[in-house]
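Undergrad:
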Amino acid sequence: MTTASDSGQADSIAGMIGSSSAMREVFELSRLVAPASTTVLLTGETGTGKELVARAVHELSPRASGPFVRVNCGALSESLLESELFGHVKGAFTSANENRTGRFEAAHGGTIFLDEINSVSYTLQVKLLRVLQEQEFERVGDTKTIRVDCRIVAATNRDLLDEIEAGRFREDLYYRLNVVPIYLPPLRERADDIPALIEHFVKIYAEMNRRPIPTIAKETTKALKSYSWPGNVRELQNYAERALVLLQNGEFTPDLLPPHVRGLAPVRIGRHRTGGAKKTAEELVTLGLTEYADESKPFEKVMGLVERQLLTQMLRQCQGVQIKAAERLGINRNTLHKKVTEYGLDSESR
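Heads up: the sequence shown is residues 118 to 467, going by the numbering used here.
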């Protein structure tokens, strides 16, 4: 990633691009909190750059010469995560053939970044709370207390207050983590940053593939700024790489973007009606009008067909998380829940 000096953005932090007011607030807060040892909680959707901010906070701190240790809490089961975080002694469990140092010990004198903190089990949260409060723990299978000095930066892509309400997250741990919260805005909320971001990624992949840096057509920028970006900056980066692979001349034109980014994305409807064919939203409405023209209340039935498809697609984009889907749709989550039940979309949601 670029540095502030590379991009000409004096207020930026290393590794991040953005001049929107939302990002300037992120940069300012990161710089303010970095010199202290305060716990930081990064919130925001997947792909918004939480790890980049965590690294920046570490590198701008007095602990910069110490280790930066990242743990993806959502990638491991409870037993494996406990051993990963705190270490274990030989014989603690079947496959423990030797003593192992945990990530907290490895981060001594530096920073530990706990990504997807919301996925940690309720039981393990108790041990994390102790580390936060006392800076001490025991390895799995041991009684010897180990003290560490490391800063904790945690990240979540879920609303932890909702997780508390659902009984999945401890309230006391939340307040220990939420000392300085930093919200990473989704890309759709900072569309003005898209031109600088796409130019940056295009330059990276052009140099990587030893190609001339292409110009970016105005229509391409317009399409990118109009898209909702469910995958955020990470998704934008992928499309920049795709474009550089497909590029035939010196211009990045809209046709190098996936159809759905250009507003041409097909949607799937039931095979019993279309034989599995893909239909655009316009074709879906036309099909519905044709099917229901001779029936009573055709408007309600056609709109129901379209609404069901829209909800299905959004739930899939949000990996079944109703809170996130409701937010993107701009509707109350209770309304979404009723619609999920009404249309029988329980298999798409969680």
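For glycine and all other residues, C-beta sits at the position ideal for the given N, C-alpha and C.
What number of angstroms, rounded off, separates the C-alpha of THR156 from the C-alpha of SER236?
TA: Numbered from 1 along the sequence shown, position 39 holds the residue referred to as residue 156. Numbered from 1 along the sequence shown, position 119 holds the residue referred to as residue 236. So the alpha carbons of these two residues sit roughly 18 Å apart.
Undergrad: Please confirm whether LEU304 and TRP346 have their CB atoms less than 9 Å apart.
TA: If you number the sequence shown from 1, residue 304 lands on position 187. If you number the sequence shown from 1, residue 346 lands on position 229. Against a cut-off of 9 Å, the Cβ pair of TRP346 and LEU304 comes out as a contact.
Undergrad: What are the uninterrupted segments assigned as beta strand (DSSP E) that are 3 or more residues long and contained completely in the stretch 190–251, given in chain order?
TA: 228–232
Undergrad: Looking only at its chain, what residues have a beta carbon closer than 7 Å to the beta carbon of ASP463, apart from the 5 residues adjacent to it on each side?
TA: Counted from its first residue, the sequence shown places residue 463 at position 346. Result list for ASP463: VAL457, in chain order.
Undergrad: Closer than 6 Å by C-beta to LYS441: which residues in its own chain qualify, once you throw out the five before and the five after it? Chain order, please.
TA: Along the sequence shown, read from residue 1 onward, the residue named residue 441 stands at position 324. Here the set comprises CYS435.
Undergrad: On the DSSP bridge assignment, give the partners of TYR300 in chain order.
TA: For the purposes of this step, residue 300 is taken as the residue at position 183 of the sequence shown. THR160, per the DSSP bridge assignment.
Undergrad: Does the distance from the CB of ILE281 to the CB of ILE229 come in under 9 Å?
TA: Mapped onto the sequence shown, residue 281 falls at position 164. Mapped onto the sequence shown, residue 229 falls at position 112. The answer is no: Cβ separation not under 9 Å.
Undergrad: Does the beta-carbon of MET325 have 16 or more other beta-carbons within 10 angstroms, so that it is buried, or is it exposed?
TA: Counting from one through the sequence shown, the residue named residue 325 turns up at place 208. The residue in question, MET325, is exposed, as its Cβ has fewer than 16 Cβ neighbours within 10 Å.
Undergrad: Does ILE130 come out as helix, strand or coil in the three-state DSSP assignment?
TA: In the sequence shown, counting from the first residue as 1, residue 130 sits at position 13. The answer is coil: DSSP assigns ILE130 none of H, G, I, E or B.
Undergrad: Based on Cα-Cα distance, which residue from HIS205, ARG264, VAL350, ALA223 lies nearest to ALA313?
TA: What you label residue 313 is simply residue 196 of the sequence shown in a count that begins at 1. That would be VAL350, whose Cα lies nearest to the Cα of ALA313.
Undergrad: Excluding the five sequence neighbours on either side, which residues of its own chain have a C-beta within less than 6 Å of the C-beta of ARG359, listed in chain order?
TA: On the sequence shown, position 242 is the one that residue 359 refers to. If we look at ARG359 and ignore the five residues flanking it on each side, it has no Cβ neighbours.
Undergrad: With a threshold of 16 other CB atoms inside 10 Å of the CB of ARG256, please say whether the residue is buried or exposed.
TA: In the sequence shown, counting from the first residue as 1, residue 256 sits at position 139. Answer is buried; the Cβ neighbour count reaches 16.
Undergrad: In its own chain, which residues sit with a C-beta less than 8 Å from the C-beta of LEU353, not counting the 5 before and 5 after it?
TA: To locate residue 353, count along the sequence shown from 1; it is residue 236. Taking LEU353 as the centre and dropping the five residues before and after it, the same chain places the C-beta of LEU304, ILE311, LEU314, ILE315, PHE318, LEU341, TRP346 closer than 8 Å to its C-beta, in chain order.
Undergrad: Among the residues of its own chain, which have a CB less than 7 Å from the CB of SER238, if the five just before and after it don't count?
TA: Here residue 238 refers to the residue found at position 121 of the sequence shown. The answer, listed in chain order, is GLU195.
Undergrad: Indicate whether the contact test is met: 3 or more Cβ pairs, each with one atom in the stretch 127–140 and one in the stretch 167–179, closer than 8 Å.
TA: Enough Cβ pairs lie closer than 8 Å, so yes.
Undergrad: Under 7 Å Cβ to Cβ from THR262, same chain only, skipping five residues before and after it: list those, please.
TA: For this step, residue 262 is matched to residue 145 along the sequence shown. Cβ within range, chain order: GLU253, GLU255.
Undergrad: Between GLU251 and VAL438, what straight-line distance do the alpha-carbon atoms span, to the nearest angstrom?
TA: To locate residue 251, count along the sequence shown from 1; it is residue 134. To locate residue 438, count along the sequence shown from 1; it is residue 321. Across the structure, GLU251 and VAL438 are spaced so that their CA atoms are roughly 34 Å apart.
Undergrad: What's the call for PRO302, buried or exposed, on a 16-neighbour Cβ count within 10 Å?
TA: Within the sequence shown, residue 302 is the residue found at index 185, counting from 1. Looking at its Cβ environment, which holds 16 or more other Cβ atoms inside 10 Å, PRO302 is buried.
Undergrad: Distance, Cα to Cα, THR267 vs GLU215?
TA: Position 150 of the sequence shown holds residue 267. Position 98 of the sequence shown holds residue 215. The residue asked about is misnamed: residue 267 is Cys in this sequence, not Thr. Near 25 Å, if we compare the C-alpha coordinates of GLU215 and CYS267.
Undergrad: Go ahead and label GLU459 buried or exposed: buried means 16 or more other beta carbons lie within 10 angstroms of its beta carbon, across all protein chains shown.
TA: Stepping through the sequence shown from its first residue, residue 459 is reached at position 342. Exposed, because fewer than 16 other Cβ atoms sit within 10 Å of the Cβ of GLU459.
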